Amino acid sequence: MNALPAFYPIVDSADWVGRLAPLGIRLLQLRIKERPPAQVRREVRAALAVCRARQVQLVVNDHWQIALDEGADFIHLGQQDLPDADLKAIRARGVRLGISTHDHAELDHALACDPDYVALGPIYPTTLKAMPWAPQGLPRIAEWKRRVGRLPLVAIGGITLECAAGCFDAGADSVAVVSDVTRHPEPAIRVADWVALTGARG
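Everything in the sequence shown is counted per full-length UniProt numbering, starting at 1 for the first residue and increasing by one.
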């Protein structure tokens, strides 16, 4: 199993990808919600061009068909997206796959899909979007890591630089970060701090 970089920022536009890709990161997710397909395709295409030029791994969230059409090699799917996704087509193209989980049933479902990583969230309270799940907390990270074994585990949800160490100590291999970067008054400085913190972890 290929390891994931420990720092995993998530952004919602190719513009953000362009801002962060030169800052020493190795992994980015493009997560675009509620946009017309044509716009999503343009954003994915532009983000892929930036990431290829910078040798940054781009993960495309949800829009698996567009991701395949545009030549992406990493896709992330939420549980609600799995029923409509053509996992055989994704695998046939050699595309890596991450899957979100929030409870035991979802973890079982995700593992049955043979993913390249599993994400668990929300770890802490988050204001980014309404969540039907209570914060998972650090003990759940440890439990999930015992279940997934060598499979990379990504912690997500309300994670800041200041609390990241607890997630890693509990068993997370990588931490996905949204607001702590995109809503920070100095995103470039914050990313530099994240890169410094996680650089020794991979």
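Using N, Cα and C, we set each Cβ at its ideal position, and we do this for glycine too. For clarity, every value in this text was computed on a predicted model and none was experimentally measured.
Check	Outcome
Sequence-distant residues of the same chain with beta carbon closer than 8 Å to Met1, five excluded per side	Any answer about Met1 is weak, because its pLDDT of 44 lies below 50 and its placement is not dependable; what the coordinates show is given next. Excluding positions up to five away in sequence, the list reads Asp116, Arg150, Leu151, Pro152.
Own chain partners of Asp193 with C-beta closer than 6 Å, once the 5 adjacent residues on each side are dropped	Leu161
Beta-carbon gap between Gly166 and Leu120 smaller than 8 Å	no
Unbroken stretches of the beta strand (DSSP E), 3 residues or longer, contained in the stretch 15-54	27-30
Distance between Gly24 and Gly18 (C-alpha atoms, nearest Å)	12 Å
Reference Leu28; option with closest CA among Glu186, Val178, Gly157	Val178
Test item: CB-CB of Val195 and Ala176 under 8 Å	no
Residue span of the alpha helix (DSSP H) that contains His104, given as start and end	104-112
Counterpart residues of Phe74 in DSSP-defined beta bridges	Arg96
Backbone secondary structure at Pro9 - three-state DSSP	strand
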